[in-house]
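Residue numbers (our numbering), protein chains in the order written: chain E, 1 to 295; chain G, 296 to 547.
As structure tokens, then:
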């Protein structure tokens, strides 16, 4: 969990598999990487067993690139599709029990703050709508009420995709799924509204149709969580299997949903807004007017 | 020690023990103290455990060193100090391969068993490379325990755990508190047993990089390439001899 951990012991480099050598020589560690650089460096996301055309994978890949300090980040996930990628990514990953991700993250963040007083360590929960809005709902809400300083990212595919297509709290009303043949009878949960009520410092809703926007949102969420308080990013990451979206049409679906009901939106508390403006000003001074955003 | 049915003492022998072998500790195998080691589940002197480990690495097929993260990554002075004696050990074992376990990430959908060993499915690397003796070193204990159990469950590999902490009950041979000094001592014991007459199976060969060409070149001949197989009383456990005598239908 620092640059020290990616220094090879004397004599061993030639015995490391090629992908590890690449991570050491030209990996994402030690400096921020941009989405526009993808393809020119070894990414932390490794081969994975996700379904072809999965929008969640695209989102996670982009989000990992965007993490501001990969070597100082711990990701916490839980049961669900997302962990299949996350557990194979070159970032420390904790597989929380279903429902306790945000409780684990709370303890971890506090522990890291005690252990590493002078070095910020980022904790990011990345889990599905079932893990966060249904089974993990209590831990999520209480971590927000307690103003725990970590980021919660919901991979919202609006279904329990891994277990055959049960409706979740985040499923749209009326949606018919394999395990919900009569259609969902209740509204989609308003997690953005709940986050606002709980005092979350930065809240964003995003669809992976625009990679740089996803990257900037994640970076913003992690940095604000580091300095101000809890942040929440809700990402539409369709399940093309359970919603029967043809693989080549996954991004068409994402664009359509974005236009209809999942448009990009973000909310800052006053404190978060003031921090972010200050951060951007300082960064522009260092890097010049074009140095900040990829948008 | 816990007595098994018919009064037999539980022995930690090369497998295959079958799916879900009992944890050796549940069967009454205790961890060694400083100066001691474990051999087949019995507490013996450190010297005896190391000698048996050395003989296994010299005389069983496709000996392999599996350095874990605490060996591979130079994150502390302690880790960096262990590198030199590790390679000293490697140089003393003719025909040895070094296959790393760089971290504990699961590797799906496909592992390259020639390049890496993974604690989620270490048996794949053992099977693919036909490894009959291996050393785990620098693997965090909880992952080493899982790895050793899976190997014992499904392969005939003689496992050796050189552990920086308390040692491992599920290894056929294990020594605790292994730092740079004890690794160097293991190299010395390798030299000693060779001097005493144990003929290495792959005498004359150096460290073998893993890869298809090397795997192919090692295959085939019964009794080893040099016909120098030494019956040391260790290799009768498991399937080593059966495979040597032509039952190895997986031979490439």
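Heads up, the beta-carbon is just placed ideally off N, CA and C, and yes, glycines get one too.
Q: Indicate the three-state DSSP secondary structure (helix, strand or coil) for residue 368 of chain G in the structure shown.
A: In the second chain, the residue the question calls residue 368 of chain G occupies position 73. Reduced to three states, the DSSP call for residue 368 of chain G is strand.
**Q.** Pick from E/39, E/161, E/231 that is closest to residue 26 of chain E, judged by C-alpha positions
**A.** To locate residue 26 of chain E, count along the first chain from 1; it is residue 26. The residue with the shortest Cα to Cα distance from residue 26 of chain E is E/39.
Q: Work out the CA separation of residue 143 of chain E and residue 186 of chain E for me, nearest whole Å.
A: On the first chain, position 186 is the one that residue 186 of chain E refers to. On the first chain, position 143 is the one that residue 143 of chain E refers to. The alpha-carbon atoms of residue 186 of chain E and residue 143 of chain E are separated by roughly 26 Å.
(Q) So within the stretch 177-245 of chain E, which uninterrupted alpha helix (DSSP H) runs reach at least 4 residues, ignoring any that extend past its ends? (A) 191-198, 211-227
Q. Quick one: Cα of residue 374 of chain G to Cα of residue 100 of chain E, how far?
A. Here residue 374 of chain G is taken as the residue at index 79 of the second chain, counted from 1. Here residue 100 of chain E is taken as the residue at index 100 of the first chain, counted from 1. The straight-line gap from Cα to Cα measures roughly 34 Å.
Q.
Considering Cα atoms alone, identify which of G/353, G/446, G/444 is closest to residue 493 of chain G.
A. In the second chain, counting from the first residue as 1, residue 493 of chain G sits at position 198. The option with the nearest alpha carbon to residue 493 of chain G is G/353.
(Q) Bridge partners for residue 265 of chain E per DSSP, in chain order? (A) One-based indexing of the first chain puts residue 265 of chain E at position 265. BP columns for residue 265 of chain E point to E/205.
(Q) Would residue 503 of chain G and residue 391 of chain G qualify as a contact pair, given that the criterion is a beta-carbon distance under 9 Å? (A) Residue mapping note: residue 503 of chain G aligns to position 208 of the second chain, counting from 1. Residue mapping note: residue 391 of chain G aligns to position 96 of the second chain, counting from 1. Yes.
Q: Tell whether a beta-carbon distance below 9 Å holds between residue 260 of chain E and residue 400 of chain G.
A: Your numbering for residue 260 of chain E matches position 260 in the first chain. Your numbering for residue 400 of chain G matches position 105 in the second chain. Going by C-beta atoms, residue 260 of chain E is not nearer than 9 Å to residue 400 of chain G.
(Q) Just to confirm the assignment: which complete alpha helix (DSSP H) runs, minimum length 4, are found wholly within the stretch 50-94 of chain E? (A) 55-66, 82-86
Q. At a Cβ threshold of 9 Å, is residue 164 of chain E touching chain G?
A. The count along the first chain starts at 1 and reaches residue 164 of chain E at position 164. No - not a single Cβ of chain G is within 9 Å of the one on residue 164 of chain E.
Q | 6 Å CB neighbourhood of residue 449 of chain G in its chain, flanking five on each side removed | A | In the second chain, counting from the first residue as 1, residue 449 of chain G sits at position 154. Hits under 6 Å: 311, 418.
(Q) Classify residue 299 of chain G: buried if its beta carbon has 16 or more other beta carbons within 10 angstroms, exposed otherwise. (A) Along the second chain, one-based indexing puts residue 299 of chain G at 4. Note on residue 299 of chain G: pLDDT 46, under 50, position unreliable in the model; the coordinate value appears next. Classification for residue 299 of chain G: exposed.
Q) Is it a yes or a no for the stretch 332-341 of chain G touching the stretch 459-477 of chain G, going by three-plus beta-carbon pairs under 8 Å? A) yes
Q: Identify the contact partners of residue 87 of chain E in chain G, using a Cβ-Cβ distance below 8 Å as the criterion.
A: Against the first chain, residue 87 of chain E aligns to sequence position 87. Result: 400, 401.
Q. By Cβ distance below 7 Å, which residues in the same chain neighbour residue 49 of chain E in space, the five residues on each side in sequence not counted?
A. Residue 49 of chain E sits at position 49 when you count from the first residue of the first chain. Only 84 meet the Cβ criterion.
(Q) Run through chain G and tell me which residues come within less than 7 Å of residue 5 of chain E, C-beta to C-beta. (A) As a first step, residue 5 of chain E must be located in the first chain, where it is residue number 5. Under the 7 Å cutoff, chain G gives 368, 370.
Q.
For the ligand SAH, I want to know if residue 199 of chain E counts as a neighbour, meaning its beta carbon is within less than 8 Å of at least one of the ligand's heavy atoms.
A. Inclusion of the ligand SAH in the displayed structure is not the case, the ligand content being empty and no account of it being possible.
Q: Measure from the alpha carbon of residue 128 of chain E to the alpha carbon of each residue in E/59, E/209, E/272, then state which is nearest.
A: If you number the first chain from 1, residue 128 of chain E lands on position 128. Residue E/59 is the option with its Cα nearest to residue 128 of chain E.
Q.
Pull the bridge partners of residue 393 of chain G from the DSSP assignment, please.
A. Taking the first residue of the second chain as 1, we reach residue 393 of chain G at position 98. Residue 393 of chain G pairs with G/360.
Q | Under 9 Å (Cβ pairs) to chain E, residues found in the stretch 381-414 of chain G | A | 381, 382, 393, 394, 395, 397, 398, 400, 401, 402, 403, 404, 405, 407, 410, 411
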